[in-house]
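When you line the sequence shown up against my numbering, it's residues 293 to 537, in that order.
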Amino acid sequence: MISRTYDHNYLYHLDKVFSKTKEYRLRNLNPTSTDTVVDLGCGIGLDAQRIAACGAKVIAIDFDESFIEKARLMNDNSKIKFYNSSIYELPIESNTVSKITIDRVFQHLENHDAAFNEINRVLVKNGKIQITDTDYLSMTFFTEFIQLEKKLINFIATEKIPNAWKVRILFNNIESYGYKVINRISHDYSFNSIEIANSIVRFNKIFNDGYKTGYFSDEELLEWEKIKSNFKFSMNLLTIDAIKI
Ligand SMILES: C[S@@+](CC[C@H](N)C(=O)[O-])C[C@H]1O[C@@H](n2cnc3c(N)ncnc32)[C@H](O)[C@@H]1O
Numbered sequence: 293m294i295s296r297t298y299d300h301n302y303l304y305h306l307d308k309v310f311s312k313t314k315e316y317r318l319r320n321l322n323p324t325s326t327d328t329v330v331d332l333g334c335g336i337g338l339d340a341q342r343i344a345a346c347g348a349k350v351i352a353i354d355f356d357e358s359f360i361e362k363a364r365l366m367n368d369n370s371k372i373k374f375y376n377s378s379i380y381e382l383p384i385e386s387n388t389v390s391k392i393t394i395d396r397v398f399q400h401l402e403n404h405d406a407a408f409n410e411i412n413r414v415l416v417k418n419g420k421i422q423i424t425d426t427d428y429l430s431m432t433f434f435t436e437f438i439q440l441e442k443k444l445i446n447f448i449a450t451e452k453i454p455n456a457w458k459v460r461i462l463f464n465n466i467e468s469y470g471y472k473v474i475n476r477i478s479h480d481y482s483f484n485s486i487e488i489a490n491s492i493v494r495f496n497k498i499f500n501d502g503y504k505t506g507y508f509s510d511e512e513l514l515e516w517e518k519i520k521s522n523f524k525f526s527m528n529l530l531t532i533d534a535i536k537i
């Protein structure tokens, strides 16, 4: 049983919120009928469907059984095969895949080296990898309470999503796994309401959890109320396209 804090509705919602990045990713991945594309951490298969609609064969993998069940139910394209499997153990033969796409999955991975052992095993030489992830450490509330802002963001990127901070290292360091970067881009997302922000990152719940355990003080609770009363928020989504050398 996988423990997670979001469901398939959340994945639908973020697919729309991040549509600018989704469109950019598909354009740059440029899947064709000669490609076999792997979508790692495919969720409910929304990217897999878009890639298959371009004519590519798609192997879509997620370790969450209920997401894979939902993805299979919604799919009517025989070019997609869904597998309930972990990134650390791919049900794919070595050197058989031309492109791999991974959207907001590395933030959940503890062991990037082990993931790349598998990715590099299945991806052919000159094959393409595309990684998108949330740079949680880029978040800002445009507030005067900068100590609390930093504290809350660090709490999210190191404790609530314990591996999220490592995404920055990956984006600086992908060459060390045997890749040549061809594109590196950051999309900025800005929102003006706490309701929308909460639908993306559950700030209220996260702050309240921290307050209950004493991580945040009474004084910081007052500051948080002031931040919320005039809430502005932005964060970056990073995307890298790279070639295996
Ligand atoms: C934020 S969701 C993104 C889903 C999808 N890529 C999308 O763009 O809608 C992260 C996904 O990664 C999957 N995931 C996390 N760790 C995984 C692992 N070790 N192996 C396979 N899937 C994993 C989760 O189950 C979830 O579906």
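For every residue, glycine included, the Cβ atom is placed at its ideal position computed from N, Cα and C.
Spatial neighbours of residue i in its chain, beta-carbon cut-off 7 Å, leaving aside the 5 residues before and after
| i | result |
| --- | --- |
| Ile535 | Asn418, Lys420, Tyr471, Lys472, Ile474 |
| Glu357 | Asn376 |
| Leu429 | Ile445, Ala449, Trp457, Arg460 |
| Arg364 | Phe374 |
| Ile466 | Val473, Ile532, Ala534 |
Residue range of the beta strand (DSSP E) that includes residue i
| i | result |
| --- | --- |
| Gln422 | 415 to 432 |
| Arg476 | 471 to 483 |
| Ile535 | 525 to 536 |
Three-state class that DSSP yields for residue i in the structure shown
| i | result |
| --- | --- |
| Ala363 | helix |
| Phe408 | helix |
| Asn322 | coil |
| Asn376 | strand |
| Ile353 | strand |
| Ile336 | coil |
| Ser468 | helix |
| Val397 | coil |
| Ser370 | coil |
| Thr435 | coil |
| Thr313 | helix |
Range of the contiguous alpha helix (DSSP H) that encloses residue i
| i | result |
| --- | --- |
| Leu514 | 510 to 521 |
| Ser491 | 486 to 492 |
| Ile453 | Premise fails: Ile453 is in no alpha helix (DSSP H) and is neither H nor E. |
| Asp501 | 495 to 504 |
| Leu382 | Where Leu382 is concerned, there is no enclosing alpha helix (DSSP H), given that its DSSP letter is neither H nor E. |
| Asp307 | 300 to 309 |
| Asn446 | 438 to 447 |
Exposed unless 16 or more other CB atoms sit within 10 angstroms - verdict on residue i
| i | result |
| --- | --- |
| Pro383 | exposed |
| Gly337 | buried |
| Phe434 | exposed |
| Pro454 | exposed |
| Asn267 | It is not possible to answer for residue 267, since the shown part of the chain is limited to 293 through 537. |
| Thr531 | buried |
| Tyr304 | exposed |
| Thr326 | exposed |
| Leu306 | buried |
| Arg317 | buried |
| Glu512 | buried |
| Asp395 | buried |
| Leu462 | buried |
| Lys349 | buried |
| Gln399 | buried |
| Ile411 | buried |
Cut-off 8 Å between Cβ atoms - residues of its own chain near residue i, not counting five sequence neighbours on either side
| i | result |
| --- | --- |
| Asn403 | Tyr380 |
| Val397 | Leu332, Gly333, Ile379, Asp425 |
| Val416 | Asn387, Thr388, Val389, Ser390, Lys536 |
| Tyr298 | none |
| Leu321 | Val329, Ile343, Lys391, Thr393, Lys420, Gln422, Asp533 |
Contacting residues, own chain, Cβ-Cβ under 6 Å from residue i (five flanking each side not counted)
| i | result |
| --- | --- |
| Phe447 | Gly502 |
| Asn528 | Asp427, Ser430, Ser478, Asp480 |
| Ile360 | Asp354, Phe374, Asn376 |
| Ala406 | Tyr380 |
| Thr432 | Ser526 |
| Trp516 | Phe499 |
| Asn369 | Ala344 |
C-beta neighbour in chain B for residue i, strict 8 Å
| i | result |
| --- | --- |
| Arg364 | As a matter of chain content, chain B is missing from the structure shown, which is built from one protein chain. |
Beta-carbon separation (whole angstroms), residue i vs residue j, contact threshold 8 Å
| i | j | result |
| --- | --- | --- |
| Lys373 | His300 | Contact flag wrong, Cβ pair sits at about 20 Å. |
| Gly347 | Thr324 | 6 Å |
| Phe523 | Ile486 | 4 Å |
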